[in-house]
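Quick note, in my numbering, the sequence shown goes up one by one and the last residue is 396.
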Amino acid sequence: MARRAKEVSVADVVPSPARRPEAKAFAEIAGRSKSFRPAREVLKRVRAVPTIFPAVDWKTRVGGWPTERVSLIHGPSGKGKSLFMHGIGLSFLRRGHMYCPVDAEATTPFPWVESLMGEEAHNPGFVASRPQSYEQVVDDVRRIANGLAEARAKERVPPETTCLFAIDSIRKLVPEDLMARIKKLGASGDDGSIDGYSGASGMMRAALNAAWLDELVPLMFHTGCAILFIGREAEDTNASPRDKKFGKDWRLTGGKSLFLDSSLVARVSSSRMVREGSEESGVVVGERHLVEIHKTKVSARQDYVEKAFFHTSNGARHPEGFDRARDILELSEELGTVKKSGSWISFARKRWQSEARFVATVEPTTLDEMEAACRERFGDLVKERAEIVGGE
């Protein structure tokens, strides 16, 4: 009988990296540089802050919104972009971080924000800006990001403390030079246009955005912060009939760098109105918003465009603001952590006879348990990919 050949493993052929004869030489060569270090020390896992939108956290595949990176949110006007932005900001505040929105459009009233955030609207880490120029925002973001990094180094704040900057919207940040020309020329239209650049101010803004992003990408990483831009959409006159049919007849403004330099790009739009009662005579109680992840550099995708939903209440039946109950119920149904039989909903020996009854009577502690069950279903891969930043 022929003797069975001995199985040869990779380890028998290729020595472990630490035992390779060239390892010491490589380490000495890398040591001559100011920035090169072992890859495991430089290319760290994604760091993420869990948000109040568990369905979105599920679709990002890292359990939250990433820090140390640039991200972009866009969508049609009045369909939920700012709502989504403030929801992410609220999530940062609840975990002991800072949230610094730039209200460049000068349209956000504090009572509305207070209705969304509750007591967190008075959190000392919640600071906002209505800037006079593009340059002012650039300087202020740099100062706060570096200030937070310094505070961590001096142990004045916990070591994992981060900050979310949110620019709403990048289109409304006006450079000082352009503003001076607009004021000088007024509405006369001299020199070919009101901006004095013969209509080329858009190109000027796009170039400024690209230059700022060249600074922001390393700044966010080295200070441990995150920045989120709200981008506007414009009609795409070159859209094909197919694109128009499926609602893709739009394009982003602000230059290509906003998309190219972002690690996460999401489009927010309205899915449908939420009614309680019949379709004909039911009361509109809120809205269901669609979040589509069109680009991600934080994790692998399970689909070409990942889709998640979040709900808001208009105050007709339930307090105005984010509708956590509907968010968690919908995700629980998707992940199979609740049971449905006809109109009955069951979870942990508790039962509700309809979605409306569930939303009206479910206890916050039960929602906590349901959300925890959903996050358990996210799987070990999420835990391997990402590190949660901040406390509960």
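All C-beta atoms in this analysis are idealised placements derived from N, C-alpha and C, irrespective of residue type, glycine included. Remember, predicted model here, so these are calculated numbers, not experimental data.
Beta-carbon spacing of residue i, residue j below 8 Å
i: Val74; j: Leu220; result: yes
i: Ser261; j: Ala230; result: no
i: Arg175; j: Thr165; result: no
i: Glu310; j: His78; result: no
i: Thr64; j: Ile92; result: no
i: Pro105; j: Ala170; result: yes
i: Lys83; j: Ser274; result: yes
i: Arg51; j: Thr71; result: yes
i: Ser303; j: Arg361; result: no
i: Tyr138; j: Leu212; result: yes
i: Thr316; j: Glu291; result: yes
i: Gly394; j: His90; result: no
i: Thr227; j: Asn150; result: yes
i: Arg36; j: Glu391; result: no
i: Asp218; j: Glu239; result: no
Assigned secondary structure, residue i (DSSP; H/G/I helix, E/B strand, else coil)
i: Arg24; result: coil
i: Lys158; result: coil
i: Phe351; result: strand
i: Cys378; result: helix
i: Lys63; result: helix
i: Val142; result: helix
i: Ser86; result: helix
i: Gly196; result: With a pLDDT of 48 at Gly196, under the threshold of 50, the modelled position of that residue is not reliable, and no figure is offered here.
i: Val74; result: strand
i: Ala390; result: strand
i: Phe57; result: coil
i: Ser39; result: coil
DSSP bridge partner residues for residue i (one or two, in chain order)
i: Phe130; result: Tyr103
i: Phe169; result: Cys104 and Ile231
i: Glu239; result: Trp254
i: Arg51; result: Glu391
i: Phe326; result: Thr316
Neighbourhood of residue i by C-beta, 7 Å cutoff - its chain only, sequence neighbours within 5 removed
i: Gly286; result: Arg279 and Glu280
Same chain, Cβ closer than 6 Å to residue i, neighbours up to 5 away in sequence not counted
i: Val295; result: Val60, Ala270, Val272 and Ala312
i: Ala210; result: Gly259
- In chain order, which beta strand (DSSP E) runs of at least 3 residues are fully inside the stretch 253-320? 254-256, 268-280, 287-300 and 310-317
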